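Encoded as structure tokens, the structure appears first; notes follow it.
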Amino acid sequence: MRDIDGFADRIHCWIIPCKESAGVMNDSLTTVKDLIEKLNVDPNRIVILPNAIEDPEEGLDGFWKIANAAKAIKFHFCEVAIPQNPKFDVFNEDPRTVIEIATDSTDYDAMNATETDPEKRYANTQASLLRRRARTLAGRLHEVWTKSPLDSLDPT
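Be aware that the sequence shown starts at 2, since it is given in the numbering used here, and climbs by one per residue.
This is the structure in structure tokens:
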């Protein structure tokens, strides 16, 4: 990236996902340091996002090293985490985005009320469950978005 003049300036916000593991956290901090020192990225444009956290509702105490570094270096540490959930893998099998699935307005209950084919009823039920999971995840993603500098980005 250093070889492409102005490349780093074209990135509005650098997102660094980070898991609750000492090695991963150290790698994340090294990435922050490299972005600042090697690419001259403004620390305010860097966000470390806790990702794949087993129970984010219990807090992010394990990220104290990242939180302290964020205060000292002035990058952003998002205090809302993406939870770990093996069921999120179901989204990989659908060509739509999580947001597209979450905003699907199909009335699967009404479809099942008139459907007699058990396989189609099962498919409708699965689609409804997938949408509910997507809505839960989309809500978490929206919360992450609004609690980080991402919310101030111009979408154009």
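Just so it is clear, CB atoms sit at the ideal spot from N, CA and C, and this is done for glycine as well. In this text the structure is predicted, and so the values were computed from the model without any measurement.
With the cut-off set at 8 Å, would you say A103 and A139 are in Cβ contact? Numbered from 1 along the sequence shown, position 102 holds the residue referred to as residue 103. Numbered from 1 along the sequence shown, position 138 holds the residue referred to as residue 139. Yes. Within cutoff.
If I'm right that E21 touches G60 with Cβ under 8 Å, what's the distance once you round it to whole angstroms? Within the sequence shown, numbered from 1, the residue matching residue 21 stands at position 20. Within the sequence shown, numbered from 1, the residue matching residue 60 stands at position 59. Actually they are not in contact, since the Cβ atoms of E21 and G60 sit about 11 Å apart, beyond 8 Å.
P119 - DSSP class collapsed to helix/strand/coil: Locating residue 119 in the sequence shown gives position 118, counting from the first residue. If DSSP states are grouped into helix, strand and coil, P119 belongs with the helices.
So, using beta-carbon positions, are K75 and P44 closer together than 8 Å? For the purposes of this step, residue 75 is identified with residue 74 of the sequence shown, where counting begins at 1. For the purposes of this step, residue 44 is identified with residue 43 of the sequence shown, where counting begins at 1. In this structure, P44 lies closer than 8 Å to K75 by Cβ.
If you draw a straight line from the C-alpha of L1 to the C-alpha of F89, how long is it? Within the shown structure, residues of the chain are numbered from 2 to 157, placing residue 1 beyond reach of any answer.
Spatial distance of I100 from V91 (CA atoms): What you label residue 100 is simply residue 99 of the sequence shown in a count that begins at 1. What you label residue 91 is simply residue 90 of the sequence shown in a count that begins at 1. Cα to Cα, the separation comes out at about 14 Å.
Please confirm if the region 15-33 is in contact with the region 104-118, defined as three or more CB-CB distances below 8 Å between the two stretches. no
Alpha helix (DSSP H) containing I47: first to last residue? In the sequence shown, the residue the question calls residue 47 occupies position 46. Taken as a continuous stretch (DSSP letters only), I47 belongs to no alpha helix (DSSP H), being part of the beta strand (DSSP E) at I47 to P51.
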